[in-house]
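Chemist: Residue 110 is where the sequence shown starts when you use our numbering, and the numbers rise one by one after that. The beta carbon of each residue, even a glycine, is placed where N, CA and C say it ideally should be. Got a structure for you, written out below as structure tokens; questions coming shortly.
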Amino acid sequence: SPAGTARVLQLTQGIVTLVAGIVSLAMIAGGLPFFVLVLTAFAVVTGFLELYLGLRSPRTERSARDWIFTGGLTVLLAIIVLLVPPGFVQTFEGPDGVVRELTASVIVVGTLGAYWAVLGISLVIAALSLKWAPDDTATPKAA
110 SPAGTARVLQ LTQGIVTLVA GIVSLAMIAG GLPFFVLVLT AFAVVTGFLE LYLGLRSPRT
170 ERSARDWIFT GGLTVLLAII VLLVPPGFVQ TFEGPDGVVR ELTASVIVVG TLGAYWAVLG
230 ISLVIAALSL KWAPDDTATP KAA
């Protein structure tokens with residue numbers, strides 16, 4: 110059944126997310142390459158599962174558009190993180206005259222933060238939209 114498939118896929122996403130978090134915390138000394146590996150593995154698996162869930166849902170499923178957006182955004186996160194050159198370092202001087210560095214780790218963590226911000230806002234909008242949407246299952250009132 111479509112509802113059973115959705116539950117299994119969402120449970121799988123939760124397990125993948127939990128495993129990625131545990132592995133990240135257990136291997137804290139792994140450095141940037143390990144972080145990129147875990148982050149992209151998480152984003153690819155959960156993103157494509159979410160995309161699949163949204164694209165395969167019946168048209169009556171009100172969350173399908175949100176699943177497609179979230180899945181696409183998560184896959185985009187994986188692509189962007191993979192495009193950052195691992196040894197990227199750019200030195201620049203700030204407006205205060207202090208020399209600073211922009212590194213691959215700063216870009217990856219900044220990208221992850223931007224992903225969370227966009228995802229958080231979209232999920233709030235999605236939740237409020239679903240809350241205030243007209244109930245499709247309501248029976249029409251007799252005149």
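Report the residue from Leu237, Pro142, Thr169 and Val147 whose alpha carbon sits nearest the alpha carbon of Val128.
Modeler: When each option's Cα is compared against that of Val128, the closest is Val147.
Chemist: Helix, strand or coil for Glu170 per DSSP?
Modeler: Glu170: coil per DSSP, three-state reduction.
Chemist: Output the distance between the C-alpha atoms of Phe197 and Ser166, rounded to the nearest integer angstrom.
Modeler: Cα-Cα distance, rounded: 41 Å.
Chemist: Going by DSSP, what residues sit across from Glu210 in a beta bridge?
Modeler: Beta-bridge pairing links Glu210 to Thr200.
Chemist: Answer yes if the segment 133-143 comes into contact with the segment 166-176, meaning at least three C-beta pairs across the two stretches below 8 Å, and no otherwise.
Modeler: Counting Cβ pairs under 8 Å, fewer than three are found: no touch.
Chemist: Any idea what DSSP makes of Ala242, helix, strand or coil?
Modeler: Of the three classes helix, strand and coil, the one that applies to Ala242 here is coil, per DSSP.
Chemist: Using CA atoms only, rank isn't needed, just tell me which of Ile216, Gly156 and Gly206 is closest to Gly123.
Modeler: Among Ile216, Gly156 and Gly206, the Cα nearest to that of Gly123 belongs to Gly156.
Chemist: Closest by CA to Leu118, which one among Gly180, Ala213, Val190 and Leu211?
Modeler: Measuring from the Cα of Leu118, the nearest candidate turns out to be Gly180.
Chemist: Comparing C-alpha positions only, which one of Phe143, Arg168, Leu239 and Ala236 sits nearest to Val217?
Modeler: Cα-wise, what sits closest to Val217 is Phe143.
Chemist: Could you check what DSSP says for Pro194 in three-state terms: helix, strand or coil?
Modeler: Pro194 falls in the coil class under three-state DSSP.
Chemist: Out of Glu202, Thr200, Ala213 and Thr169, point me to the one whose CA is closest to Ile189's CA.
Modeler: Ile189 has its Cα closest to that of Ala213, out of Glu202, Thr200, Ala213 and Thr169.
Chemist: Who are the near neighbours of Val193 in its chain, counting only those whose CB is closer than 7 Å to its CB and skipping five residues on each side?
Modeler: So the qualifying residues of the chain are Ala213, Ile216 and Val217.
Chemist: Ala235: which of Ile177, Phe151 and Gly140 sits nearest, CA to CA?
Modeler: Comparing Cα positions, the closest option is Ile177.
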